[in-house]
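Below is one structure, written out as structure tokens, with a few remarks after it.
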Amino acid sequence: NFLLFSHISHLMEDMDGRITRSELERMLNYSGNYINSIVKKYTGLCLSDYSQMFYIKKAAHMLCTSTLSITEIMEKLHFTNTTHFYKCFKKHYQMTPKQYRLSKAKNQAWQLIGWSSSVIIDTLWNRRLSFFSMQIYYG
Numbered sequence: 728n729f730l731l732f733s734h735i736s737h738l739m740e741d742m743d744g745r746i747t748r749s750e751l752e753r754m755l756n757y758s759g760n761y762i763n764s765i766v767k768k769y770t771g772l773c774l775s776d777y778s779q780m781f782y783i784k785k786a787a788h789m790l791c792t793s794t795l796s797i798t799e800i801m802e803k804l805h806f807t808n809t810t811h812f813y814k815c816f817k818k819h820y821q822m823t824p825k826q827y828r829l830s831k832a833k834n835q836a837w838q839l840i841g842w843s844s845s846v847i848i849d850t851l852w853n854r855r856l857s858f859f860s861m862q863i864y865y866g
């Protein structure tokens, strides 16, 4: 059972969740009901919700790693209904795609600022110590 679930997951991953139940039936030679029961057993989700999780995660990844507009991301993931896309995204992330992109950009900026600040502070501190050492040495 777990081997079949693993195979389903790999197919979902490869297709960004955009694979139908009938395609899975054909590829795996199992009934859709059985495939659905395996997914439900290991995830607690029905097949369609499990599938949705993959393409919404892909959308989230694209929001963070590309400059594509939300509309362009929707098109790449074969969404034709903006309202449906926003509803699915909000269901998984409790915020809109725009809010998600802004929150991730803000977090990345703070991480960068935090890293830069610590480097600057360390550099200044080390120079200060060097300055005091030179004053003590040269009097």
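So the sequence shown is numbered by our numbering: it starts at 728 and just counts up by one.
A virtual CB, placed ideally from N, CA and C, is assigned to each residue, including glycine.
Bear in mind that the values here come from a model prediction, so they are computed numbers and not experimental data.
From which residue to which residue does the alpha helix (DSSP H) around residue i run?
i: residue 869; result: This structure cannot speak to residue 869, because the chain is shown only from 728 to 866.
i: residue 748; result: 748-755
i: residue 789; result: 774-792
i: residue 770; result: 759-770
i: residue 806; result: That residue, residue 806, is in no alpha helix (DSSP H); it is neither H nor E in DSSP.
i: residue 739; result: 729-741
How long is the line joining the alpha carbons of residue i and residue j, rounded to whole angstroms?
i: residue 770; j: residue 802; result: 28 Å
i: residue 812; j: residue 820; result: 12 Å
i: residue 815; j: residue 835; result: 25 Å
i: residue 774; j: residue 758; result: 12 Å
i: residue 738; j: residue 786; result: 18 Å
i: residue 796; j: residue 831; result: 15 Å
Would the stretch 739-758 and the stretch 778-791 be scored as touching if the rule is three or more Cβ pairs under 8 Å?
-> With the cut-off at 8 Å, the stretch 739-758 and the stretch 778-791 touch.
Counting Cβ pairs, one atom from each stretch, are 3 or more of them under 8 Å apart for the stretch 759-768 and the stretch 790-805?
-> Here the stretch 759-768 does not lie against the stretch 790-805, with fewer than 3 beta-carbon pairs under 8 Å apart.
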